[in-house]
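Just so you know, the protein sequences line up as chains F and Z, in that order. According to this note's numbering, the first sequence is numbered sequentially starting from 1. According to this note's numbering, the second sequence is numbered sequentially starting from 1. No residue lacks a Cβ here, since even glycine has one placed at the ideal position from N, Cα and C. Report on the following structure.
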Amino acid sequence: GEDVEQSLFLSVREGDSSVINCTYTDSSSTYLYWYKQEPGAGLQLLTYIFSNMDMKQDQRLTVLLNKKDKHLSLRIADTQTGDSAIYFCAESNPDAGNMLTFGGGTRLMVKP
Amino acid sequence: EAEVAQSPRYKITEKSQAVAFWCDPISGHATLYWYRQILGQGPELLVQFQDESVVDDSQLPKDRFSAERLKGVDSTLKIQPAELGDSAMYLCASSLSGVGNYGYTFGSGTRLTVV
């Protein structure tokens, strides 16, 4: 079955760049997503990338996709304290009703 | 901005009691999902609806969980009887049918504590 893996924790200083990594196993994935979850809240869609792309940039966010290695990353430029949250990557597969399979989340801590 | 509404926001219940959660998706979203998120983990799908029909409930513990979406709009997830291990965040999400690149819109969730 599908499996999505993320590192548990990342700590950076305010103003630095953050890179959160994710690996997945389902080669049929069509879209890959990054969600942000603040304490006690639901999930907020940050950005997504189609599987035939290798990069997408959206303001401070850059998504890189290495489809050969099934590796996805999210780079946050000029990280701010408000970026502290848990970040989830997720994949969808149209053969599975576009169901999202999530990783376990990476907790990003931004130090002032 | 359109939102997915969920209620209640928090629920504390004793084990063996019944509990129900409600979700109202974004208007026009035919697909509705219920996810369960155990503390420290990613969300896991419980059930997926397309309009009023269940598309996937393979991960729903059917001996105690039930879900319905009678008119293809809002949905109710029920647990009876609740067990201690059911303590989690229950998230509802909706999406435009068959359009993968929008992802989902999630509600704020219902945090269930079973004591």
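Sequence-distant residues of the same chain with beta carbon closer than 8 Å to residue i, five excluded per side
i	result
Ser51 (chain F)	Ser29, Thr30, Tyr31, Leu32, Leu65 and Lys67
Glu5 (chain F)	Cys22, Thr23, Tyr24, Gly103 and Gly104
Glu52 (chain Z)	Arg69, Leu70, Lys71 and Gly72
Residue i (DSSP reduced to helix, strand or coil)
i	result
Leu77 (chain Z)	strand
Ala5 (chain Z)	strand
Ala93 (chain Z)	strand
Ser60 (chain Z)	It is Leu, not Ser, that sits at residue 60 (chain Z) in the sequence shown. If DSSP states are grouped into helix, strand and coil, Leu60 (chain Z) belongs with coil.
Ala82 (chain Z)	coil
Ala20 (chain Z)	strand
Ala67 (chain Z)	strand
Thr105 (chain Z)	strand
Thr106 (chain F)	strand
Gly1 (chain F)	For Gly1 (chain F), the predicted structure reports a pLDDT of 49, less than 50, and the residue's modelled location is therefore unreliable. The matter cannot be settled from this model.
is_contact[residue i, chain Z] using C-beta, thresh 8 Å
i	result
Leu74 (chain F)	no
Phe102 (chain F)	yes
Phe9 (chain F)	no
Ala41 (chain F)	yes
Gly1 (chain F)	Residue placement at Gly1 (chain F) is poorly supported in this model, since its pLDDT is 49, which falls under 50; the coordinates are not used for a value here.
Met55 (chain F)	no
Met99 (chain F)	yes
Gly105 (chain F)	yes
Residue i at chain F interface by Cβ criterion, 8 Å
i	result
Asp56 (chain Z)	yes
Ser66 (chain Z)	no
Gly109 (chain Z)	yes
Pro43 (chain Z)	yes
Tyr104 (chain Z)	yes
Leu84 (chain Z)	no
Leu32 (chain Z)	no
Through-space distance from residue j to residue i, alpha-carbon basis
i	j	result
Gly1 (chain F)	Asn98 (chain F)	Because the pLDDT of Gly1 (chain F) is 49, which lies under 50, any placement of that residue in the model is unreliable, and the question is left without a value.
Ile12 (chain Z)	Arg111 (chain Z)	8 Å
Lys78 (chain Z)	Arg64 (chain Z)	8 Å
Val54 (chain Z)	Val73 (chain Z)	13 Å
Asp26 (chain F)	Gly107 (chain Z)	27 Å
Glu83 (chain Z)	Val63 (chain F)	40 Å
Gln59 (chain Z)	His71 (chain F)	27 Å
Residues near residue i by beta carbon distance below 7 Å, same chain, minus five either side
i	result
Gln37 (chain Z)	Pro43, Ala88, Met89 and Leu91
Opening and closing residue of the beta strand (DSSP E) in which residue i lies
i	result
Glu91 (chain F)	Ala85 to Asn93
His29 (chain Z)	Segment: none, His29 (chain Z) is in no beta strand (DSSP E) and carries neither H nor E.
Thr30 (chain F)	No beta strand (DSSP E) holds Thr30 (chain F); DSSP gives it neither H nor E.
Residue i beta carbon near the ligand NAD (any heavy atom closer than 7 Å)
i	result
Cys23 (chain Z)	The ligand NAD is absent from the structure shown, which contains no ligands of any kind.
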